[in-house]
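If you read the sequences in order, they're chains A and B.
Counting along the first sequence from 1, when you hit position 371 you're at 371 in our numbering, and nothing is skipped either side.
So the mapping is simple: our numbering equals the position in the second sequence, first residue as 1, plus 464.
For glycine and all other residues, C-beta sits at the position ideal for the given N, C-alpha and C.
Number of protein chains: 2
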Amino acid sequence: MTTTEKKHERELMDEALDHLENAIENRNTSEALNALETLDWEDQRWAISHLSMRRLKLLTLILGTADAAKLISHLAEAQAIEILEELPRPEAASILDSLPRTLAADLLRELHDEDAQEILAGITDEVVRGELERRMAYSEGCAGSLMLGGAVTFPVAASVGEVLADLGEHAEDYADRNVQYLYVVDEAGKLVGVLRLRDLVLSLRSKPVRELMLRDPLTVPDSMELEDLADLFEQNKFYGLPVVDADGRLLGVVPRDAVARETADEQADMFLQASGIVNGEEIRSMPLGERCVKRLAWLGPNIGLNLVAASVIAANEATLREVIALAVFLPIVSDMSGCSGNQAVAVSIRELTLGILRPGDYWRVVLKEAAVGMINGFVLGCVLGSIAALWKGNIALGLVVAAALMLNTILSVLLGGLVPLLLKRLKVDPALASGPILTTCTDMCGFFLVLSFAAATLGHLAGV
Amino acid sequence: MTTTEKKHERELMDEALDHLENAIENRNTSEALNALETLDWEDQRWAISHLSMRRLKLLTLILGTADAAKLISHLAEAQAIEILEELPRPEAASILDSLPRTLAADLLRELHDEDAQEILAGITDEVVRGELERRMAYSEGCAGSLMLGGAVTFPVAASVGEVLADLGEHAEDYADRNVQYLYVVDEAGKLVGVLRLRDLVLSLRSKPVRELMLRDPLTVPDSMELEDLADLFEQNKFYGLPVVDADGRLLGVVPRDAVARETADEQADMFLQASGIVNGEEIRSMPLGERCVKRLAWLGPNIGLNLVAASVIAANEATLREVIALAVFLPIVSDMSGCSGNQAVAVSIRELTLGILRPGDYWRVVLKEAAVGMINGFVLGCVLGSIAALWKGNIALGLVVAAALMLNTILSVLLGGLVPLLLKRLKVDPALASGPILTTCTDMCGFFLVLSFAAATLGHLAGV
């Protein structure tokens with residue numbers, strides 16, 4: 001896209017936003033729908049994030065449940081949650097009731113507990129409420145939370161002709177449900193086989209499905225976790241896997257792409273957490289106070305860790321007073337080793353995700369990282385040491401800085417490589433905690449190494 | 465899994481690895497296959513990463529092309545590339561020839577150019593070579609690179625009966641290709657319609673498909689990028705979208721889950737890049753030299769940036785000499801503002817990905833971040849300032865530290881929020897470059913603020 005086109009697009013979107021805002025202020029439902037229709041889904045997300053909460057609430061009210069639910073289903077999850085929390089409970093309940101069940105349960109899971117319970121209580125249909133409660137109980141990303149309901153099932157006694165007749169009769173309904181496989185269940189609801197459309201088409205109409213179905217189909221328990229689901233789909237070509245409870249009863253179907261999308265979401269979460277956005281996603285339309293508190297929840301502990309690390313400098317002030325030039329190199333040494341350690345963290349987390357590395361592979365990590373640490377520590381140490389020596393014309397200063405960076409690089413790649421394994425074993429999310437642990441340790445060690453090497457060679461550093 | 469079970473699993477895997485290594489040393493194909501079969505795909509990745517390159521090469525040779533290709537198709541991409549680069553060219557070529565085309569092209573794209581060309585030249589089948597070359601020319605993640613070939617097409621003149629007969633005849637073949645839709649093309653190969661199985665089943669056998677097909681199907685150009693594909697799939701329920709060239713000829717089909725998987729890969733890349741693993745993935749079985757150079761490619765520029773930042777300390781040594789306690793707070797102020805800025809970077813990158821934020825939304829970011837920066841800066845500044853004042857019993861020191869951290873937090877959240885937008889506009893990957901740019905600037909500013917505030921109040925800081 002050229003700059004002019006971009007500018008034009010920008011103008012069009014601004015116009016659409018104005019249009020939407022006017023329609024909302026005038027309580028004009030058809031104008032609001034019109035304005036939304038000129039925007040594709042991504043543009044809708046943009047426009048929604050630029051509306052004030054007052055207008056957003058008004059918009060959902062004038063749209064009515066069905067259109068509001070449609071709009072909300074296209075928004076980013078964080079946007080949808082924000083709106084649901086602000087809406088009057090009855091409106092929120094009826095919107096949730098109109099959303100696909102998987103999405104509704106995902107949103108309920110992310111809402112504050114109290115809000116979720118109050119909104120749930122407002123859903124009048126007991127069957128729906130029951131299903132949402134069951135779904136909410138599943139942990140995020142497991143088969144139970146990803147499965148779609150409404151699998152098309154037939155009794156084991158049915159004939160091919162009966163199945164085809166039913167398919168013809170409910171064609172439109174099934175098309176909406178994206179039917180890929182047909183499931184055969186016994187009287188107790190237990191899954192006993194799977195039917196393929198093409199086998200049906202090519203069979204005698206009088207044949208019982210019992211003879212045609214694929215027996216002992218691959219099923220997954222509702223508790224199966226995302227990683228295992230991803231593995232299964234990688235090893236098979238199925239478009240969906242049937243989910244069964246402990247008694248083998250069919251609960252739903254996990255579609256292949258739901259697993260891939262959830263994996264992408266997990267990777268995005270990992271990126272956010274490693275960058276200090278914890279306790280769920282932040283978008284800038286959230287209330288200011290909430291955003292500040294969320295960010296401080298991460299910064300607060302970090303200031304504590306930083307103080308612990310810097311206490312090493314405080315304890316060695318005397319040395320620093322003698323060789324003030326060290327103050328220049330303290331942050332460089334700690335930051336550079338932090339960078340090296342972070343690389344090792346990323347490789348470990350990635351290898352764990354790929355299954356190349358197991359939490360027990362400590363020795364492998366130590367061996368592989370020690371070698372990199374020694375070489376890179378040597379290279380970086382020589383570079384920084386030479387600069388230090390040349391700058392002050394003092395070889396001892398260069399040696400102190402070089403030795404400290406070298407050693408600290410080795411320490412931090414070892415630590416960086418191992419911390420994710422240890423955290424994984426302790427069932428703590430490595431993306432969340434590796435960074436702060438690593439940084440604190442490498443800062444402390446870096447400060448300590450520079451200052452104690454300097455203290456040991458103080459005679460040669462005089463006047464620097 | 466309990467600890468005992470984990471230990472047992474570990475032992476089983478070690479046994480399987482021993483078994484595999486013995487089979488390789490004895491050049492025993494069936495034993496090697498046996499050993500591999502006791503492992504699921506994730507375990508195979510683990511075992512492969514624990515074999516020496518010599519044994520790995522031997523393994524692919526004794527397995528033969530078909531089994532080696534099967535093994536390689538389950539490995540992590542970085543593992544597969546490593547093996548292909550080390551194998552004799554003819555073996556690598558015949559393995560690539562046996563892999564699914566999308567995977568083969570992905571691997572070729574990741575190989576060193578020279579290796580890729582040499583391996584390609586070894587593929588004797590000109591049709592295959594031509595297709596791989598065409599696919600390699602597509603950029604990563606676009607429709608052309610994600611599409612599967614072998615769409616099932618029928619001429620527009622065919623009847624329902626003819627199509628069903630063909631489907632029956634080639635049932636096994638089509639099952640392998642995961643046929644979801646049937647495509648109707650005119651004489652020039654131009655896509656004119658799509659057939660749904662269920663419509664076929666419920667139609668008169670003599671009806672021409674022309675009357676049954678859905679006309680003007682949604683198609684995507686081969687150059688369409690991942691983000692747009694993801695949007696399209698989100699807005700539609702299709703399991704796959706037909707890819708056409710400029711003349712509307714059907715080239716292949718992009719399956720929905722390929723788009724979701726590629727999105728997950730992009731998110732994983734983002735995490736790696738933000739952690740300093742650039743120029744492609746690193747796994748620890750890669751040669752030591754390569755790993756060191758790859759990591760240094762990131763650390764090298766970083767040491768330069770660090771020196772630039774630290775030069776601010778060097779320029780203000782005189783102040784530091786007077787108030788040595790500042791040396792304790794310099795790294796804390798720069799690190800804490802770096803953390804705050806990184807949060808803003810992550811939120812901007814995430815909002816850009818979700819479409820909530822556009823590269824032109826500078827003012828929105830400034831307004832939203834300034835508020836957070838002021839509040840969090842105030843809170844953090846008060847905390848750190850109080851600690852400084854109490855520690856040395858000097859209120860001026862506290863004020864210097866508090867003011868510096870406060871101001872620098874505001875600066876760094878603004879910068880952190882804006883840098884990804886600017887980089888995106890300059891077509892530089894925000895995940896790659898935001899971190900170093902941000903850290904350098906906030907370090908410089910942090911050092912400068914602490915030291916110049918101290919210089920201005922030097923009279924009150926004496927003896928601290």
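Note the first and the last residue of the continuous alpha helix (DSSP H) segment covering Tyr826(B). DSSP places Tyr826(B) inside the alpha helix (DSSP H), whose first and last residues are 826-856.
For Thr440(A), count neighbouring Cβ atoms within 10 angstroms of its own Cβ and tell me buried if that reaches 16, exposed if not. buried
Smallest Cα separation from Met374(A): which of Gly161(A), Met406(A), Ala346(A), Glu11(A)? Met406(A)
Using the Cα positions of Glu466(A) and Glu162(A), report the straight-line distance between them to the nearest angstrom. Within the shown structure, residues of chain A are numbered from 1 to 464, placing residue 466(A) beyond reach of any answer.
For Asp680(B) and Glu172(A), I'd like the C-alpha separation in whole angstroms. 20 Å
Might you give, ordered along the chain, the residues of its own chain that have their beta carbon closer than 8 Å to the beta carbon of Ala310(A), omitting 5 neighbours on each side? Listed in chain order, the non-local C-beta contacts of Ala310(A) below 8 Å within the same chain comprise Asp443, Phe447, local neighbours out to five positions each way being set aside.
Only counting the same chain, and skipping five residues up and downstream in sequence, which positions put a Cβ closer than 8 Å to that of Leu902(B)? If we look at Leu902(B) and ignore the five residues flanking it on each side, its Cβ neighbours are Gly802, Gly805, Asn806, Val809, Ser876, Leu879, Gly880, Val883.
Which residue from Ala580(B), Ile536(B), Glu549(B) puts its Cα closest to that of Ser562(B)? By alpha-carbon distance to Ser562(B), the top candidate from Ala580(B), Ile536(B), Glu549(B) is Ile536(B).
Only counting the same chain, and skipping five residues up and downstream in sequence, which positions put a Cβ closer than 7 Å to that of Ser30(A)? none
Using 10 angstroms around the beta-carbon of Gln699(B), count the other beta-carbons present and answer buried if the total reaches 16, otherwise exposed. Answer is exposed; the Cβ neighbour count stays below 16.
When the Cα of Leu848(B) is compared with those of Ala866(B), Asn858(B), Ala835(B), which residue comes out closest? Looking at the Cα atoms, Ala866(B) is the closest of the given residues.
Run through chain B and tell me which residues come within less than 7 Å of Trp41(A), C-beta to C-beta. Asp695, Glu698, Gln699
Heavy atom of the ligand GDP less than 7 Å from the Cβ of Pro436(A), yes or no? You won't find the ligand GDP in this model; it holds no ligand whatsoever.
Buried or exposed: where does Pro331(A) fall if 16 or more other Cβ atoms within 10 Å of its Cβ makes it buried? Buried is the call here.
Name the chain B residues whose beta carbon is nearer than 9 Å to that of Leu103(A)? Residues of chain B passing the Cβ test: none, with the nearest at roughly 12 Å.
With C-beta atoms as the reference, is Arg674(B) less than 8 Å away from Val620(B)? Yes, they are a contact pair.
Between Leu760(B) and Met800(B), what straight-line distance do the alpha-carbon atoms span, to the nearest angstrom? 25 Å
Gly653(B) - DSSP class collapsed to helix/strand/coil: coil
Exposed or buried, Leu668(B), counting other C-beta atoms within 10 Å across all chains shown (16 or more means buried)? Result: exposed.
Going by Cα to Cα distance, which pick from Gly824(B), Arg598(B), Val708(B) is closest to Ala652(B)? Val708(B)
Please state the DSSP three-state secondary structure of Tyr638(B). helix
Under 7 Å, CB to CB, which of the residues in the region 202-226 of chain A have a partner in chain B? Of all residues in the region 202-226 of chain A, Leu202 have a Cβ within less than 7 Å of some Cβ in chain B.
Per-residue contacts from Gln117(A) into chain B (C-beta, under 8 Å): By Cβ distance, chain B contributes nothing, its closest Cβ being about 28 Å from Gln117(A), past 8 Å.
The alpha helix (DSSP H) that contains Pro242(A), what's its start and end? Counting along the chain, Pro242(A) falls outside any alpha helix (DSSP H), though it belongs to the beta strand (DSSP E) covering 240-244.
What in chain B is Cβ-close to Glu282(A), meaning under 7 Å? Val811
Is Arg593(B) close to chain A, meaning its C-beta is less than 8 Å from at least one C-beta of that chain? no
Sort Val864(B), Lys534(B), Met734(B), Ser670(B) by Cα distance to Gly923(B) and report the nearest one. Val864(B)
Could you name the residues of chain A that Cys756(B) contacts, counting a contact when the two beta carbons are closer than 9 Å? Ala371, Val372, Ile375, Asn376, Val379
Short check: CB of Ala540(B) to CB of Leu33(A), under 8 Å? Between Ala540(B) and Leu33(A), the C-beta gap is not smaller than 8 Å, which leaves the two residues out of contact.
Could you tell me whether the Cβ of Asn806(B) comes closer than 8 Å to any Cβ of chain A? yes
Using C-beta distances below 8 Å, list every residue in its chain close to Ile434(B), excluding the 5 sequence neighbours before and after it, in chain order. Since the displayed chain B opens at 465 and closes at 928, residue 434(B) lies outside it and no answer follows.
Find out if the Cβ-Cβ distance for the pair Asp113(A), Glu506(B) is shorter than 8 Å. no
Using a cut-off of 8 Å between C-beta atoms, extract the partners of Trp510(B) located in chain A. Gly355, Ile356, Leu357, Arg358
Below 8 Å CB to CB, which residues in the same chain sit around Lys368(A) once its five sequence neighbours on both sides are set aside? Gly417
From the DSSP secondary-structure annotation, give me the bridge partner or partners of Pro719(B). Gly704(B)
Find the nearest neighbour of Leu885(B) within the set Asp692(B), Gly862(B), Glu815(B), Leu715(B), judged by alpha-carbon distance. Glu815(B)
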